[in-house]
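Chemist:
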Amino acid sequence: MDQAFSDTLRPHLRYLAADQELRSDDRLRDLGLNSMQAIDLVFDLEDNCGVALPDDQLTDANFETAGTLWAAVESARSAALADAR
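In the working numbering, the protein residues as written are 109 to 193.
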């Protein structure tokens, strides 16, 4: 996970302490992410991480943990790079 991703995700996780490390296996719902915040998070990720998450990637499985969401962001980045070629 890169810093832009972590910095974007952190404000949406109300149960993640300011001094607590965000780990890839942290469950996002356990840290306070709900479905309404997930929508705002998608917009923030698109703005701050320079990626457009396709609708088919907006699944519960991809929002399960910080790591699965990071994988979806990286997948979208890779697809965008491939399309640009």
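Even glycine gets a Cβ: it sits at the ideal position worked out from N, Cα and C.
Remember, predicted model here, so these are calculated numbers, not experimental data.
Measure the CB-CB distance between residue 177 and residue 136 and report whether it falls below 8 Å.
Modeler: Start at 1 with the first residue of the sequence shown, and residue 177 comes out as number 69. Start at 1 with the first residue of the sequence shown, and residue 136 comes out as number 28. In contact: residue 177 and residue 136 (Cβ atoms closer than 8 Å).
Chemist: Who are residue 173's beta bridge partners in DSSP?
Modeler: Counted from its first residue, the sequence shown places residue 173 at position 65. Answer is 135.
Chemist: Going by DSSP, what residue range makes up the alpha helix (DSSP H) through residue 153?
Modeler: Translated into the one-based positions of the sequence shown, residue 153 becomes position 45. Its alpha helix (DSSP H) spans residues 143-157.
Chemist: Between which two residues does the alpha helix (DSSP H) harbouring residue 111 extend?
Modeler: On the sequence shown, residue 111 is found 3 positions in, with the first residue counted as 1. Start and end: 111-117.
Chemist: Could you check whether the stretch 132-152 touches the stretch 168-176, counting it as contact only if at least three pairs of C-beta atoms, one from each stretch, sit closer than 8 Å?
Modeler: These segments touch.
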